[in-house]
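Each residue of the sequence shown is one higher than the last, beginning at 1169 in my numbering. To start, the structure itself, in structure tokens.
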Amino acid sequence: MESVQPDNADRIPLQHSQQSVGSIAIRFIGLLLASVVVMALIWSS
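This is the structure in structure tokens:
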């Protein structure tokens, strides 16, 4: 069976993978805050 990960996954250094995880976390928090703001605006109107 072939691995699900792309071929270049093992070539990525550890620092780069940590940075990508951080950017994913920041993006997730941003989307979470945006959805909370939208829900608050809908609820207050």
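A virtual CB, placed ideally from N, CA and C, is assigned to each residue, including glycine.
Nearest-angstrom Cα separation, counted from residue j out to residue i
i, j, result
"A1193", "L1199", "10 Å"
"S1188", "R1195", "10 Å"
"S1213", "G1190", "35 Å"
"I1197", "W1211", "21 Å"
"L1201", "L1209", "12 Å"
Collapsed DSSP secondary structure at residue i in the structure displayed
i, result
"S1213", "coil"
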